[in-house]
Structures are given as C-alpha cells and as structure tokens.
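Contents: one structure, followed by commentary.
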Amino acid sequence: MDLGPYLMLASLEGAVGAAVLALTALGLSLVFGVMRIVNVAHGEFYMLGAVLAWWVTSMIGGHPALGFVAAMVVAPLVVGLIAAAAERLVLRRLNYDPEATIVATIGLLYVIQQLALSTYGADARPVPAPIDFRIQFPWFGYSGYKLCVIVASAALMLGVWLVLTRTRAGLMMRATQYDPETARAFAIPVGRVYAGVFAAGAMLAALGAVLIVPIQQAHYLMGHDPLLLSFIVVIIGGLGSLRGTVLAAVIIGMSDGIISVFFSPTLAKILATLLVAFVLVWRPTGLFGARAA
Amino acid sequence: MSRAVGLHLGLLAALAAAQFLLPDYHHGNLARIMVLAAFASAYNITFGYAGMLSLGHAMFFGAGLYAAGLAAEFGGTAAPLGLVLGVLAGAIVATVVGLLALRTTGVSFMIVTLMFAQAGFLTVLYFGEFTRGDEGFVLAPAARTVLGLSLADPATRYWAALCVFGAVMLGSLALARSAFGRVLAAIRENEERTRMLGYDVFRAKLMALAVSGAMAGAAGAAYALLFGYVGATFASIQYSILPLLWVLMGGAATVLGPFLGTLLMFYLIDISSSFTTAHMMIVGFALIGLILFFPKGILGTLRERAAPWLP
Chain A
1 MDLGPYLMLA SLEGAVGAAV LALTALGLSL VFGVMRIVNV AHGEFYMLGA
51 VLAWWVTSMI GGHPALGFVA AMVVAPLVVG LIAAAAERLV LRRLNYDPEA
101 TIVATIGLLY VIQQLALSTY GADARPVPAP IDFRIQFPWF GYSGYKLCVI
151 VASAALMLGV WLVLTRTRAG LMMRATQYDP ETARAFAIPV GRVYAGVFAA
201 GAMLAALGAV LIVPIQQAHY LMGHDPLLLS FIVVIIGGLG SLRGTVLAAV
251 IIGMSDGIIS VFFSPTLAKI LATLLVAFVL VWRPTGLFGA RAA
Chain B
1 MSRAVGLHLG LLAALAAAQF LLPDYHHGNL ARIMVLAAFA SAYNITFGYA
51 GMLSLGHAMF FGAGLYAAGL AAEFGGTAAP LGLVLGVLAG AIVATVVGLL
101 ALRTTGVSFM IVTLMFAQAG FLTVLYFGEF TRGDEGFVLA PAARTVLGLS
151 LADPATRYWA ALCVFGAVML GSLALARSAF GRVLAAIREN EERTRMLGYD
201 VFRAKLMALA VSGAMAGAAG AAYALLFGYV GATFASIQYS ILPLLWVLMG
251 GAATVLGPFL GTLLMFYLID ISSSFTTAHM MIVGFALIGL ILFFPKGILG
301 TLRERAAPWL P
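Chains as they are written, first to last, in the numbering used here: chain A, 1 to 293; chain B, 1 to 311.
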C-alpha cells in the first residue's frame, strides 16, 4: 500500500479512538468542572460499561442489534446508579476535599476491579457488532460499524451540549459550577446536582465503552488506558472547558492512532504522558484553575 | 535518651531479636515487610511531613530497583555498589522530577507525578530488550553477595533488611526532629505563611523529595538485591498507591506509622488469602474506610488521644 491510503487508514483508526475518548473524557471533565474533584475510578466505570454490555448482549438472543440497543440503555443506567451511590455514601462525607477524594476513588477503583474480576472473570470477551457491513474504498475495505461509532459519539456529545445549554438541569449544573454558595442561596439542591453530575460523568464513560466493545473486547483491566488518556485530554483541553476537552480528545486520539500505526503504541503513550506533564508544569494554573491548586 | 529515641531503638532491637524466635515463614515475610516499610517511610517524608500527595513514588522505587538490577546484570557490580547506585538513582530521578513537578501543587502535583511515573513505567517496557518488561529477570547469585555472605540466605537477608530499614527509620526520626522537619510541617500546615516567614518553600520541598527519592531508591535496590527479582510491576502505578495505603493506615507524619501500616496490611492480605482471592477488594475498602473514618491512621490517632510525644 502507498503512504496515502496507509495514512488514511491510520487516520480512520485514530478517529474512532478519538470519538470514544472524547465521550469518556467529557465525563471526567464534567465531574471536574462542576465538582472540582478528580475521579480516579472513571476508567472503572468505563470498564463496567463494557462488561455490562457483554452481559446484556449475551443474555438477549436474536439479532445482535437488539442486544446492543438494550446494552446502550441498561449499561449506562446501572453504572450511573453505582456512581450515584458511591457519591452519596463516600464522596459527600469527605466534603469533596480534593486529596481525600483521590484516595477514596482509588479505593473505589480497586473495589470495582475486584468485583469485575470475581464475577466476570479474567477473560477478554467479544460482543458482536450490531451491524455488519464493510465500506469498500479503492485501496482497502473498512468496517462500517467503526464509522457509526464516530457518528454516534458525535450525536451523544451534541446531546450533552444541548442539555447543558438548553435545559433547566443544565442551567443548575452551570450555576453550581460557577458558585455553589450562591447556587444554594437560589434554592438549587447542590447536593443532588453533585450526585447527578457524578452519575452523568460515569454514564458517559459507560456509553463510550458500549460503543467500543464490538471493536475491542471487554476485559476487567480495560479501564486503565482510557483513564490515563482521559486525564491527558482533560488537562490539555483545560479543565471544565467542554469544548477544549473535545478538541484535545480529537488531537490526542488522532495522533495516538497515527503514531501507534507508524511507530510503537508504547512510544505514543510515553510521548503523550510526557506532553501532559509538561503542559501542567508550564501552565499549572492556566489549565487547572486557581481553586483546584 | 528521650522516650521517643528509646522507643525506636527498642523496636529495632525487638526486630533483631525476632528473627531467632519466628518460624521460617514469618521470618521471610518480616524481611520483605522491612524493605517495603523503608519504601513507605520514604513516602511518608513527602506525604506525611511535607504534605505533598505524590502518585509517582513507584518511579523512585523502580529507579533504585533497576539501577541495582541492571548494573548487576550487565555491569557485574557487587551488591554494596548496587545499593549505592540505587540511592543515587532514586535521588537523581526525584530531584529532576521535583524541579519540574514542584512548579505545581495539590491535585496538579499528583497528576504530574502520576504522568511522569507512567512515562517511566512505559520506558521500562519500551526497553524490554534489556529490562525484559513485565516478565522481569532474576539476579545471578554472584551479584547477591556481601562480604562473602549470600543475600539469598535467610539470616543474611534478614540482617540486611534490618540494616536498610533501620537506616531509613532513624533517618526519618532525625529528620522529623530537626529544624528542617519542622519547616516541612510548617509548609504542610500553611505554605503561604511559611513563605512569608522567609523560608524558601521550593527548596525545602525539593530537598524533601530528594531525600524521599533516595530512601525509596535504597528500598528498591535492597528489594532487587535481597529477593533477586527485577520486574516492571514494581514500577507500575500499583506501587505508587501501596505506600500511600500503608502510610495512611499506620499514620501519616509518624515515624513508626509506615512500618505498622505495612506490617498490618501485609498480614491482612496474607491471612485473608487463605479464604479469598479478592485482595484488591480489601485494599479498596481499606483505602475508603481509612479516609472516611480514620484519616489520621493508627499512630496519628494514638498521638492525638494518648501519646503527644510520639514523633
């Protein structure tokens, strides 16, 4: 194959990765933006989404699309409930202290991972794609499902944007983000907003995982890379800035895909992690906001 | 001799005596616990005394581990030199990382250290040709001798572990009681005020990180030389989180807390493994439970309630 088609294939792979990454990172960014906490267990919510998707699709027989649609509904709901429970039982009692929250969510990460290992097992399991067609380019054929992932992810992000800017719930979230004290004075139930935002963030991660699981298999350790990549994206994009998050996800996801195709995936990750470290070092307050520091 | 010094020397004496009384199994465990407790003590310098939440200490432990391990594997160095190299590697990596990461504080500092440590871990995997990546490599017996004694022998190993742990613990004690230790505590309590009083906060934190890195490097090198195995797992995130857990459990900013936490956590997992394989669940619930109900740890709570003299 010539360089041109090869590069096109690499970009397509990168775009699929970027689409799912954007969705996952959006969840992390939303939680950080509104609640000013770092959720280290975010990758585990992603993993739970994938594992639940496997469960739902393997229980529902018939056409693969049927199980997949059910998974798109069930997995985020269950993950959201778990996240809301964790928020009420643990994070609220810590008063959202940034460092205590990190320790607690690390604990949550281990608990969820062990739950998945004990019940689901250590095997990687595939989920059948809901649609099965290939798009034939002149140089190579490409899975149609992968293109659908990009479209679906874009649609979901548009949905998030509409909720945040056009609905009452979105207004409450933005008010809480801007100033929780004043929001409370205007009778906004800040505690419930926090629980809702934390659940919503987890649900976005779960949705991303359901979309990716027909391409990658579900595995109990799969939350690790999305967590680190989401950190990277959220930091580079600027915390709390959802537009920045999406833009950074596209850049990081695309370059990760392209570097992985041409060089080694490990090298791509080393470069990305170092990039973040240096962005944070040189723009510590610019990207993180003065309040978190 | 004050109560505090007596207590710490007493613990070392008790540990020295314990090896003659303990059955083989616990004898081996205790040697491992002492090396890991040295690592936890190193973590305690930055997290406990200076109040910096780092998620990158696996990088310093790994630097010591690989400095000693690779030097023995490819340079044929003797064990004492390996330990020195480990200390140097830990201190140098910590200083370089500190120069960059200390420009940030709080949550940003935690993420920057996590990212550097992750880059370090991936680098170990990337140079798999030499490090053999996840699989790791076993040190040759020739590389594991000190003064003609083999470190593979349980008695020698125990004494060596006790020496490393003793040095790190007494170093922590001296640091905690020194003027420098008080400056670190002041930074933890109120960084701005310390700066206003004329202390160079950046320099103090960098020194704390360098000392902590040197201690962690010593623990890493000792681990490689005493147990003869070098693998990428020891540079992974897990080994940044474990010292945090041990220190939280024993009590942050107490000299003996890291040892107590390591001992308890090690046996908690050891005992529970006879009826469940769910180690991660125990670690997870321990972290959540400690931060929710017991944020000062065992010795921290004891100091608050009963023994204010505890260093």
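Ideal Cβ placement from N, Cα and C applies to all residues, glycine included.
Use the C-beta contact count for Y43/B: other C-beta atoms within 10 angstroms, 16 or more gives buried, fewer gives exposed. buried
Relative to the alpha-carbon of Y294/A, which residue among V111/A, G257/A, T167/A has its alpha-carbon at the smallest distance? What the structure shows of chain A is the stretch from 1 to 293, and residue 294/A is not part of that stretch, so it cannot be assessed.
Between the C-alpha atoms of A293/A and G244/A, what's the straight-line distance to the nearest angstrom? Only weak support exists for where A293/A lies, its pLDDT of 32 falling under 50; the value from the coordinates is given anyway. Taking the straight line joining both Cα atoms gives about 20 Å.
Please state whether DSSP places I135/A in a helix, a strand or coil. strand
Segment limits, alpha helix (DSSP H) that includes S240/B: 238–250
Is the separation between the beta-carbon of A89/B and that of G64/B shorter than 8 Å? yes
Partner residues on chain A for M207/B, Cβ-Cβ distance less than 9 Å: Within chain A, no residue comes near M207/B; the closest Cβ sits about 19 Å away, beyond 9 Å.
Name, please, each residue of chain A whose Cβ falls closer than 7 Å to the Cβ of G98/B. Near G98/B there are no residues of chain A at all, since even the closest Cβ is about 11 Å away, more than 7 Å.
Could you round the C-beta distance between G314/B and G251/B to whole angstroms and report it? I think they count as a contact, below 8 Å. No answer is possible for residue 314/B: the residues shown for chain B start at 1 and end at 311.
Beta-carbon proximity list for V261/A, same chain, < 7 Å, skipping 5 on both sides: A10, E13
Just reading off the beta strand (DSSP E) that Y145/A is part of, what are its end residues? That residue, Y145/A, is in no beta strand (DSSP E); its alpha helix (DSSP H) goes 144–166.
L94/A beta carbon less than 8 Å from that of I111/B: no
At least one CB of chain B closer than 8 Å to the CB of A290/A: is that the case? Per-residue confidence for A290/A stands at a pLDDT of 39, beneath the threshold of 50, marking its modelled position as unreliable; the derived number appears in the next sentence. Not closer than 8 Å to any Cβ of chain B, the Cβ of A290/A fails to qualify, so no.
Strand pairing of R125/A, partner residues [DSSP]: A218/A
Chain A within 8 Å of P243/B, Cβ atoms only: no
Quick check on S264/A: does DSSP put it in helix, strand or coil? coil
Please classify G217/B: does DSSP put it in a helix, a strand, or coil? helix
Assigned exposure category for V73/A - 16 Cβ within 10 Å defines buried: exposed
In angstroms, rounded to a whole number, what distance separates the CA positions of L170/B and H8/B? 8 Å
When DSSP labels each residue in this structure, what does F288/A get in the three-state scheme? Its pLDDT being 42, under 50, F288/A is placed unreliably in this model, and the value from its coordinates should be taken loosely. Of the three classes helix, strand and coil, the one that applies to F288/A here is helix, per DSSP.
What whole-angstrom Cβ distance do S236/B and A58/B have, given they're in contact under 8 Å? 6 Å
Considering only residues of the same chain and omitting the five flanking positions on each side of A175/A, which have a CB-CB separation below 8 Å? T182, A183, F186, I188
According to the Cβ coordinates, are A50/A and F198/A closer than 8 Å? no
According to DSSP, is T123/B helix, strand or coil? helix
C-beta contact flag for A208/B and Y49/B at 8 Å: yes
Chain-ordered chain A contacts of T123/B [CB-CB under 9 Å]: T266, I270
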